[in-house]
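Numbering (this note's numbering), first residue to last: 3 to 448.
What follows is the structure, encoded as structure tokens:
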């Protein structure tokens, strides 16, 4: 029986790969109709990144670290019960992602045209209706061997876009058990922020457009109205909810997490230190090709604006007792180690690896697909080990369709996550979760 099951999975795997190839061909045909606006924006390419060197420009990127007092975390744990880890959450994974072959045509249209996805899945409609998809990170970010303990995990961020007014903006994370890539199961956990000295918590109100799981910490972008730029969560401090219901926080009889079985209370945050012009990180990713490892960040700009986005990085700490946190000075400030500007407007996702930067631009209102540009920082890059550079210096993007347009990427990708152990980039667009080799991005870029 075991042998027969393996044969079934292999046949389904071959069928799925053939299906994805066929889907890519169909999408390529659709991509021949691309609006003149996008063709104009991307025709000449953005060129290389421009370094930011002025002290005033770099100073505006500083963050200030603020950790929740240990006494507050202990008080919350005393009230809710002993915290659990990732394995306990995965034990509750009772939902299943659909393979691409089971996705609807509309869901598949969110996939890239070129390069094509080599793995693709779709979230269930019944528990994602009224929710906006956001960032993706994986256990490949958490540890360089790609596993957390014995688990291969994908984390997917979502924010509430519908429902009651009181629920708008609530943020949650899907914990996906990726041990068997032919069968992804998942469950949800609510993101929260402790209040009243750990006697209660509120839901994080933010679009989760950026998220990185590094070591035992999860860093999440914040836009909930204060000066917090990133919230920090401890993956060993997941709390179980004890009361089912739509409420969030302490309720009669226990603790509620908007109907979910788990809640992550923040253990800290990073606040903006600059003035009113300081950029707020809207997308983040991990770069393991730097020493030390670094958090890459990018700001959001208008799709049709006259200013490109700033891209920068913060080094992670190597200090004892500071695992998974950013490197701080004696004053608790975090300083950017590199900063650039890109001519790309409407930046949504950003990834950096081996001095190459990958920047996504969402599809416009009249476009069928978005664009993923590869750009060079011009520092320390010869060939980078990923293929030849584009015709415009280190800049390039895939082309598709009869007119060789650059609108070949997914419709809207909030973040990119590179799983170094497998060489794959993971992202999501709409209800589609997908992966493809980083090398294929370089191969198809020109």
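Virtual Cβ for every residue (Gly too), placed ideally from N, Cα, C.
Sub-8 Å separation of residue i and residue j beta-carbons
i: residue 165; j: residue 132; result: yes
i: residue 258; j: residue 298; result: no
i: residue 368; j: residue 411; result: no
i: residue 321; j: residue 349; result: no
i: residue 219; j: residue 195; result: no
i: residue 210; j: residue 191; result: no
i: residue 138; j: residue 429; result: yes
i: residue 287; j: residue 346; result: no
i: residue 155; j: residue 180; result: yes
i: residue 143; j: residue 431; result: no
i: residue 171; j: residue 416; result: no
i: residue 146; j: residue 422; result: yes
i: residue 450; j: residue 63; result: A question about residue 450 goes unanswered here, because the residues of the chain that appear run from 3 up to 448.
i: residue 315; j: residue 75; result: no
i: residue 341; j: residue 375; result: no
i: residue 193; j: residue 266; result: yes
i: residue 248; j: residue 256; result: no
i: residue 289; j: residue 296; result: yes
i: residue 339; j: residue 50; result: no
i: residue 208; j: residue 151; result: no
i: residue 409; j: residue 373; result: yes
i: residue 157; j: residue 82; result: no
First and last residue of the uninterrupted alpha helix (DSSP H) at residue i
i: residue 213; result: That residue, residue 213, is in no alpha helix (DSSP H); its beta strand (DSSP E) goes 213-216.
i: residue 81; result: 72-82
i: residue 259; result: It is not in any alpha helix (DSSP H) - residue 259 instead sits in the beta strand (DSSP E) that spans 256-259.
i: residue 59; result: 57-61
i: residue 93; result: 88-93
Cα-Cα separation, residue i to residue j
i: residue 101; j: residue 109; result: 11 Å
i: residue 444; j: residue 360; result: 10 Å
i: residue 2; j: residue 91; result: The chain is shown from 3 up to 448; residue 2 falls before or after that span and cannot be answered.
i: residue 323; j: residue 47; result: 44 Å
i: residue 87; j: residue 160; result: 20 Å
i: residue 27; j: residue 413; result: Low local confidence applies: a pLDDT of 46 at residue 27 is under 50, so the model's placement there is unreliable, with the coordinate-based value given in what follows. Each residue's alpha carbon lies about 16 Å from the other.
i: residue 4; j: residue 98; result: For residue 4, the pLDDT reaches just 44, beneath the cut-off of 50, and the residue's location in the model is therefore unreliable, although a value from the coordinates is still provided. If you take the alpha carbons of residue 4 and residue 98, they lie about 21 Å apart.
i: residue 446; j: residue 117; result: 6 Å
i: residue 245; j: residue 379; result: 51 Å
i: residue 250; j: residue 77; result: 18 Å
i: residue 425; j: residue 149; result: 14 Å
i: residue 364; j: residue 448; result: 19 Å
i: residue 66; j: residue 335; result: 5 Å
i: residue 268; j: residue 153; result: 23 Å
i: residue 162; j: residue 283; result: 20 Å
i: residue 129; j: residue 58; result: 46 Å
i: residue 304; j: residue 264; result: 36 Å
i: residue 402; j: residue 442; result: 14 Å
i: residue 344; j: residue 358; result: 13 Å
i: residue 242; j: residue 188; result: 16 Å
i: residue 276; j: residue 236; result: 26 Å
i: residue 224; j: residue 318; result: 19 Å
i: residue 33; j: residue 141; result: In this prediction, residue 33 scores a pLDDT of 48, lower than 50, which makes its location untrustworthy; no coordinate-derived value is stated.
i: residue 113; j: residue 292; result: 30 Å
i: residue 331; j: residue 95; result: 40 Å
i: residue 337; j: residue 107; result: 45 Å
i: residue 93; j: residue 177; result: 10 Å
i: residue 285; j: residue 115; result: 23 Å
i: residue 197; j: residue 84; result: 19 Å
i: residue 185; j: residue 333; result: 47 Å
i: residue 111; j: residue 407; result: 17 Å
i: residue 253; j: residue 169; result: 16 Å
i: residue 356; j: residue 440; result: 12 Å
Bounding residues of the beta strand (DSSP E) (the contiguous stretch that carries residue i)
i: residue 289; result: 285-289
i: residue 426; result: 426-431
i: residue 252; result: 250-253
i: residue 296; result: 296-300
i: residue 437; result: 434-439
i: residue 273; result: 264-274
i: residue 234; result: 230-236
i: residue 447; result: Neither: residue 447 is in no beta strand (DSSP E) and is coded neither H nor E.
i: residue 416; result: Neither: residue 416 is in no beta strand (DSSP E) and is coded neither H nor E.
i: residue 220; result: 219-223
i: residue 66; result: 65-69
### Task
State whether the region 428-444 contacts the region 119-129, with contact taken as three or more CB pairs (one from each stretch) at a distance under 8 Å.
yes
### Query
Which full runs of the alpha helix (DSSP H) of 4+ residues lie inside the region 315-402, going along the chain?
none
### Task
Scan the region 99-174 and note each continuous alpha helix (DSSP H) run of 4 residues or more that stays entirely inside, going in chain order.
107-110 and 141-144
### Message
Three Cβ pairs or more, each shorter than 8 Å: is that satisfied between the region 263-279 and the region 218-235?
### Response
yes
### Task
Decide yes or no for the touch test of the region 46-61 against the region 203-218: beta carbon pairs closer than 8 Å, at least 3 of them.
no
### Message
Which complete beta strand (DSSP E) runs does the region 185-216 hold, if anything under 3 residues is left out?
### Response
187-197, 202-205 and 213-216
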